[in-house]
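Start counting the sequence shown at 16; every next residue gets the next number (the numbering used here). Note that the Cβ used here is the ideal one computed from N, Cα and C, for glycine as well.
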Amino acid sequence: MAVNKKGALIGGSVILLVAIVAAVGVVVTHNSFTTKSATPSGSTNLQSTSRSVQAICEPTDYPDICESALSKVAKNTTDPKELIKLSFQVATDHLRQAFQHSKLLSTAARDPRTKEALNTCRELMEYAIEDIKTSFKKLGGFNTSEPAKAVDELKLWLDSAATYQETCLDGFENTTGDAAAGMRKALNSSMALTDNALAIVGHLAKFVDGLKLPDVLGRRRLLSDEEVEAVKQKDFPAWVSADRRKLLSIPPSGIKPDVVVALDGSGDFSSINSALGVAPIKSLTPFVIYVKTGVYKEKVMVYRNQTNIIIVGDGATQTRVTGSLNFIDGVGTFKTASFVVMGEGFIARDMGFENTAGAAKHQAVALLVQADRSVFYRCQMDAYQDTLYVHTLRQFYRDCTISGTIDFIFGDAKAIFQNCQIFVRKPLENQQNIVTAQGRKSRQSATAIILHNCTITADPSFPPALHAKNPTYLGRPWKEFSRTFVIQSFLDTLVHPNGWLPWLGDFGLRTCFYTEVENRGPGADKSLRVKWKGVKNISYAHAQKFTVEHFLWGNDWLPSTQVPYIPVLLPQSLPERIH
């Protein structure tokens with residue numbers, strides 16, 4: 016079943032590519048060659064189609080696959096509508112072929128881990144197909160007045176589709192048999208086509224940037240004096256209205272929720288999942304769930320069709336969701352999370368998420384997030400290895416506490432952590448601590464993990480006497496083009512002078528993008544940092560691209576969440592950063 020989605024995914028990627036030919040082919044064609052405006056016919060038609068395909072595929076990493084896929088559906092037509100129809104036919108044909116292959120894989124699988132991995136792949140491929148369709152829909156509504164933002168939006172959903180395919184393959188770790196090789200072979204084409212689509216959209220972005228329009232990605236601004244003062248005073252920025260500031264400052268019990276969850280029976284429900292069960296589907300307005308003090312032992316799922324859910328607790332240490340699923344006991348990493356968020360527009364405030372499996376159980380996720388425009392405010396995530404899985408799409412964490420040991424902030428989302436406390440816990444006897452493991456697999460991808468104005472320090476369980484024996488690193492390259500930024504943050508003494516740790520041998524050391532900008536504290540000295548090609552020094556101005564305003568386009572959607580945020584970098588003249 017897993018591979019049958021591959022056919023649809025290939026078709027989906029082709030549809031996107033074809034749509035780009037139709038929507039922006041004029042731009043690409045203009046850059047590549049000049050054609051007659053009259054409609055060609057016969058062999059001229061074929062030549063025109065071939066040249067159009069070659070032009071659109073030129074900036075990709077897999078041009079042969081790109082040209083082959085497009086040429087099969089293009090034939091001798093130049094009508095974009097007909098090309099789209101033909102691409103649907105190709106998707107259907109591949110779907111039938113892939114379905115048969117997936118049945119063979121499922122029948123041959125005897126290992127329980129392999130069966131689980133195949134089931135997870137089916138789920139992930141469905142997500143990938145949905146997100147490519149989302150990107151395709153957004154292409155149809157391409158906003159020419161804000162082209163840079165529109166291009167970013169296209170890449171966002173293509174990035175997530177690519178990540179889901181890679182996550183599928185990750186699930187075959189420690190499995191037996193040939194299923195992993197079979198899945199990789201089945202996904203080769205779809206992964207290449209998705210990557211090609213990212214490249215084509217990226218090429219469009221470069222063209223747009225070259226036009227020097229007023230809203231391209233390069234625009235910058237500094238914090239106003241009023242906003243700086245708000246940061247100093249731990250107040251909310253000026254752009255948050257008075258009524259919103261009041262809502263942000265009142266205790267959770269003062270909020271009027273749609274439903275209340277309480278273990279003692281004083282609410283509408285005694286479990287969070289039950290409360291989610293009555294939430295409206297695909298809601299455009301917030302649905303507020305107030306969860307009273309207690310430890311909720313349930314695997315909570317916020318599904319994709321449960322949009323704009325707001326969950327408010329009594330405090331990150333008072334209202335906690337807990338679980339203990341883990342890799343050692345036979346559960347794949349993707350399925351170990353105690354709390355899973357997939358619904359767009361999700362907000363959590365004053366909530367705790369934990370996985371109590373312990374360090375000896377290896378991968379054990381407390382919180383997994385793959386929801387666009389998701390926000391976590393004053394929350395806490397506790398586990399050991401793989402605490403927080405920032406899987407895909409745009410995510411913002413403000414005033415949160417995250418604790419763990421190995422790769423405990425990991426994934427391939429566009430994720431920014433601001434004013435967060437990151438606590439490194441005591442690992443197993445011979446382990447090293449790694450804060451981040453970012454999963455960017457393609458150079459075309461626009462994802463990254465960004466720590467801005469955060470603190471990295473030791474948990475009380477990890478005394479200074481053990482810091483040399485169990486060193487702590489800022490990150491390591493989980494995937495080849497891993498990208499992590501540590502900006503204007505406090506790094507305590509436990510951070511190893513090398514800063515960054517290899518994953519395995521020289522994997523990713525030349526292709527990753529790791530940088531530190533204006534950090535402070537005893538662990539911030541960069542003089543002894545590793546000298547990999549992938550460890551970069553960037554300017555203050557360059558770092559502005561990786562802020563809430565420019566990287567997440569946060570000014571468009573964060574104000575409505577009523578969560579405070581710093582839109583750009585703190586001024587260089589502000590020596591102290593107050594959490």
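C-alpha distance - residue i paired with residue j, whole-angstrom precision
i, j, result
"Arg66", "Ala212", "18 Å"
"Pro512", "Thr470", "17 Å"
"Ala195", "Ile324", "36 Å"
"Asn448", "Val501", "16 Å"
"Glu141", "Ala124", "21 Å"
"Val231", "Asp365", "Per-residue confidence for Val231 stands at a pLDDT of 34, beneath the threshold of 50, marking its modelled position as unreliable; the derived number appears in the next sentence. Between Val231 and Asp365, the C-alpha separation is close to 36 Å."
"Gly330", "Cys72", "52 Å"
"Ala70", "Gln453", "33 Å"
"Val510", "Val274", "44 Å"
"Gly523", "Arg393", "34 Å"
"His352", "Val390", "Reading off the sequence, residue 352 comes out as Ala, not His. Approximately 18 Å between the Cα atoms of the pair."
"Met396", "Gln433", "15 Å"
"Gly282", "Leu585", "43 Å"
"Thr149", "Trp172", "7 Å"
"Arg335", "Ile362", "15 Å"
"Val578", "Leu567", "15 Å"
"Thr178", "Phe151", "17 Å"
"Cys183", "Gln559", "34 Å"
"Ala143", "Thr562", "27 Å"
"Pro272", "Pro295", "14 Å"
"Glu533", "His565", "18 Å"
"Asn388", "Ser457", "Note on residue identity: the sequence assigns Arg, not Asn, to residue 388. Roughly 22 Å separates the two Cα atoms."
As assigned by DSSP and simplified to three states, the class of residue i
i, result
"Val68", "helix"
"Thr209", "helix"
"Phe561", "helix"
"Asp94", "Confidence is the limiting factor: at Asp94 the pLDDT is only 49, short of 50, which leaves the residue's position unreliable, though a coordinate-based value still follows. Of the three classes helix, strand and coil, the one that applies to Asp94 here is coil, per DSSP."
"Arg455", "coil"
"Trp518", "coil"
"Glu531", "strand"
"Gly426", "strand"
"Ala331", "coil"
"Ile304", "strand"
"Thr472", "strand"
"Ile296", "coil"
"Ile215", "helix"
"Val578", "coil"
"Phe566", "helix"
"Val510", "strand"
"Val317", "strand"
"Tyr77", "coil"
"Asp126", "coil"
"Ala113", "Since pLDDT at Ala113 reaches only 46, below the 50 mark, its modelled position is unreliable, and the value read off the structure follows with that caveat. Of the three classes helix, strand and coil, the one that applies to Ala113 here is helix, per DSSP."
"Pro266", "coil"
"Pro586", "coil"
"Lys87", "helix"
"Ser554", "coil"
"Asp344", "coil"
"Pro479", "helix"
"Ala539", "coil"
DSSP beta-bridge partners of residue i
i, result
"His467", "Gln433, Ile502"
"Trp547", "According to DSSP, which records beta bridges pairwise, Trp547 is partnered with nothing at all."
"Met448", "Reading off the sequence, residue 448 comes out as Asn, not Met. According to DSSP, Asn448 bridges with Thr487."
"Tyr311", "Val336"
"Phe349", "Paired residue(s): none; Phe349 is not in a bridge."
"Ser418", "Asp397, Phe438"
"Ile326", "Ile304, Ala363"
"Val275", "Tyr305"
"Phe284", "Val276"
The ligand ATP heavy atom lying under 7 Å from the CB of residue i
i, result
"Thr508", "In terms of ligand content, the structure shown is empty, and the ligand ATP therefore cannot be addressed."
Residue-chain proximity (residue i, chain B), Cβ-Cβ < 8 Å
i, result
"Val216", "The structure shown contains no chain B, having only a single protein chain."
Open item on the list: When you compare the region 85–92 with the region 159–173, are there three or more beta-carbon pairs, one atom per stretch, that lie closer than 8 Å?
Closed with: no
Open item on the list: Check whether the region 72–88 and the region 200–211 touch, using three or more Cβ-Cβ pairs below 8 Å as the test.
Closed with: yes
Open item on the list: Please give me, in chain order, every unbroken run of the beta strand (DSSP E) with length at least 3 that falls completely inside the region 354–414.
Closed with: 354–356, 362–364, 367–370, 382–384, 389–392, 395–397, 403–405, 409–413
- [ ] Count the C-beta pairs between the region 305–315 and the region 286–295 that are closer than 8 Å, then say yes if the count reaches three, no if not.
- [x] yes
Open item on the list: Would you call the region 469–487 in contact with the region 182–196, where contact means no fewer than 3 C-beta pairs closer than 8 Å?
Closed with: no
Task: Inter-stretch contact at 8 Å, needing at least 3 Cβ pairs: the region 373–385 / the region 344–362 - done: yes
- [ ] Would you check if there are 3 or more beta carbon pairs closer than 8 Å linking the region 455–470 to the region 435–442?
- [x] yes
Task: Ranges of the alpha helix (DSSP H) found wholly within the region 124–205, counting only runs of at least 4 - done: 127–155, 162–185
Open item on the list: With a threshold of 8 Å, are at least 3 pairs of Cβ atoms found where one atom belongs to the region 485–495 and the other to the region 407–418?
Closed with: no
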